[in-house]
Amino acid sequence: MTLLTISAILPQLRPPPCKKAADQICQEANSGQVAILYVSLLLTAFGSGGIRPCVVAFGADQFDEAESEEKKRTWRFFNWYYFCMGGSMLVAVTVVVYIQDNVGWGWGFGVPTVAMAISIVAFVFGYPLYRNLDPAGSPFTRLAQVCAAAYKKRKVPMVSDPDMLYQNHEIDAAISVAGKLCHTNHMQ
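Numbering (the working numbering), first residue to last: 46 to 233.
As structure tokens, then:
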């Protein structure tokens with residue numbers, strides 16, 4: 046976001062603005078300006094793709110599902126989380142776009158960049174207060190095991206008694222939080 050904001054502010058990093066005259070031909074961005082734009086968009090996509098799936102899991106780790114009061118707080122957290130995500134999208138498509146159109150692209154990118162910087166500072170200073178769960182095992186190993194078992198047992202008929210389904214409490218203890226998934230006859 047910082048590189049994108051800088052490229053919107055500094056005139057050397059973007060092509061000159063076009064005049065509204067009919068005979069004016071707009072100057073294209075040179076290869077360096079295009080490269081800076083693409084690198085900043087790529088870094089923004091990597092950052093966004095790296096944080097969005099982790100935020101939900103990190104938020105869920107802050108609550109102990111075994112306690113009933115914590116379970117209620119988990120639901121409140123997710124309700125507020127998705128409410129704030131929706132509100133931030135609304136602000137992004139209204140207020141930020143308005144700022145970009147009427148004030149300038151530098152301010153339009155600068156406002157979210159400053160908000161992101163504030164959130165990073167808040168996260169770093171609040172880190173000692175968070176509940177940090179260590180990852181257990183490799184997710185790629187578990188994924189490979191599931192794919193191999195599914196392929197090997199693709200022609201086996203479904204059991205009618207859910208108690209006969211495989212469960213290994215010792216292996217699954219590291220990845221299960223509040224017990225097991227309930228059996229369903231749907232989506233077979």
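Built from N, CA and C at the ideal position, the CB exists for glycine as well. Small disclaimer: the values here were computed from a predicted structure and weren't measured.
Rounded C-beta distance between residue i and residue j? I'm assuming under 8 Å.
| i | j | result |
| --- | --- | --- |
| G104 | Y126 | 6 Å |
| G151 | A53 | 5 Å |
Label residue i either buried or exposed according to how many other C-beta atoms from any shown protein chain fall within 10 Å of its C-beta, with 16 as the threshold for buried.
| i | result |
| --- | --- |
| A111 | exposed |
| F154 | buried |
| T139 | exposed |
| Q233 | Any reading at Q233 is ruled out, since the residue's pLDDT is 48, under 50, leaving its predicted position unreliable. |
Would you kindly work out how many angstroms separate the C-alpha atoms of residue i and residue j, rounded to a whole number?
| i | j | result |
| --- | --- | --- |
| N199 | R187 | Strictly speaking, residue 199 in this sequence is Arg, with Asn absent from that position. If I take the Cα positions, the gap works out to 18 Å. |
| Q72 | F122 | 50 Å |
| D179 | N147 | 47 Å |
| V204 | G182 | 29 Å |
| G132 | P157 | 14 Å |
| V159 | I165 | 10 Å |
| A102 | F170 | 20 Å |
| R176 | V100 | 13 Å |
| N163 | T50 | It should be noted that the sequence gives Ile, not Asn, for residue 163. Straight-line Cα distance between these residues: approximately 16 Å. |
| D106 | F185 | 21 Å |
| M31 | S93 | Since the first and last residues shown for the chain are 46 and 233, residue 31 lies out of range. |
| Q69 | Q78 | 21 Å |
| A137 | C63 | 26 Å |
| S76 | L86 | 15 Å |
| A193 | V201 | 14 Å |
| N124 | A189 | 34 Å |
| I144 | L174 | 36 Å |
| K197 | G95 | 33 Å |
| A167 | F91 | 21 Å |
| L120 | Y172 | Sequence inspection shows Trp at residue 120; the Leu mentioned does not correspond to that position. Computed Cα separation, rounded: 22 Å. |
| G149 | K116 | 45 Å |
| V141 | E114 | 38 Å |
| V191 | D206 | 21 Å |
Can you check whether the CB of residue j is closer than 8 Å to the CB of residue i?
| i | j | result |
| --- | --- | --- |
| R118 | F108 | yes |
| L88 | L48 | yes |
| M134 | M46 | no |
Heavy atom of the ligand NAD less than 7 Å from the Cβ of residue i, yes or no?
| i | result |
| --- | --- |
| R118 | The ligand NAD is absent from the structure shown, which contains no ligand whatsoever. |
I want to know whether the region 49-63 touches the region 77-93 - three or more CB-CB distances under 8 Å.
The region 49-63, when compared against the region 77-93, does touch it at the 8 Å Cβ threshold.
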